[in-house]
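To start, the structure under review is shown below, and the notes come after it.
Structure (structure tokens):
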């Protein structure tokens, strides 16, 4: 949705161009189009993240906060870097475009800007969690939420420029983005409900499956919102 003209001749920013309900519908429809690829993208992302995330949790439980924090940062950054194909599949699913498992791997150079952007994003989130009840981490997420889509979609952008362009995408819509973040966080929380009944191999497996589905739906929903917002950029 494009901006409407204001009375003073300047473009006015719509309060929010895509409702949470519309985003959710787009996310579900996109997942229905490419369930296998989206789940595969999630599996790759979580596998890389968990390979280091488990030792990070062990270090924290042992009281080694410095090592635990360092490993947590490495885990999230490498996991987010591995999510480059997941973002690619999500964009294709949201747009209804042909997708293939190999498509994101045909541009391996894009993993580098994904790594750079992921490092600064997750460094900000993890440091932000340490202060003011995590409010800075929420701000980082709201400002830089679109960098993964930009790196897939805009091969002219490096990691830092993708972060900066993400800020521009959400200009004057921070409150709406914060609300969207909260709504989809609650949606993803439901994936963990089986663990509330019992912790056993069955509930753990079910939770992992549900997490892959809900996060994939969320990623496609975010891609749909990205597509709506990007047309308002002068270079979009």
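Residue numbers (the numbering used here): 21 to 256. C-beta: ideal position from N, C-alpha, C; glycine also.
Nearest-angstrom Cα separation, counted from residue j out to residue i
{"i": "residue 59", "j": "residue 236", "result": "7 Å"}
{"i": "residue 232", "j": "residue 85", "result": "29 Å"}
{"i": "residue 62", "j": "residue 106", "result": "6 Å"}
{"i": "residue 66", "j": "residue 196", "result": "28 Å"}
{"i": "residue 140", "j": "residue 101", "result": "12 Å"}
{"i": "residue 203", "j": "residue 227", "result": "19 Å"}
{"i": "residue 187", "j": "residue 89", "result": "26 Å"}
{"i": "residue 242", "j": "residue 44", "result": "9 Å"}
{"i": "residue 116", "j": "residue 245", "result": "14 Å"}
{"i": "residue 147", "j": "residue 159", "result": "12 Å"}
{"i": "residue 108", "j": "residue 165", "result": "15 Å"}
{"i": "residue 254", "j": "residue 172", "result": "19 Å"}
{"i": "residue 240", "j": "residue 110", "result": "5 Å"}
{"i": "residue 149", "j": "residue 250", "result": "29 Å"}
{"i": "residue 132", "j": "residue 175", "result": "11 Å"}
Enclosing alpha helix (DSSP H) for residue i [first to last residue]
{"i": "residue 112", "result": "104-115"}
{"i": "residue 208", "result": "194-209"}
{"i": "residue 80", "result": "55-81"}
{"i": "residue 216", "result": "214-217"}
{"i": "residue 238", "result": "221-250"}
{"i": "residue 161", "result": "155-164"}
{"i": "residue 147", "result": "131-149"}
{"i": "residue 186", "result": "179-189"}
{"i": "residue 167", "result": "167-173"}
Contact belief for residue i with residue j at Cβ below 8 Å, rounded distance in angstroms
{"i": "residue 208", "j": "residue 238", "result": "6 Å"}
{"i": "residue 119", "j": "residue 112", "result": "4 Å"}
{"i": "residue 103", "j": "residue 168", "result": "6 Å"}
{"i": "residue 143", "j": "residue 179", "result": "Their Cβ separation, rounded to whole angstroms, is 12 Å, which puts residue 143 and residue 179 out of contact at 8 Å."}
{"i": "residue 211", "j": "residue 230", "result": "4 Å"}
{"i": "residue 200", "j": "residue 40", "result": "6 Å"}
beta-carbon residue i near the ligand NAD non-hydrogen atom, thresh 7 Å
{"i": "residue 149", "result": "Absence of the ligand NAD is noted for the structure shown, with no ligands found whatsoever."}
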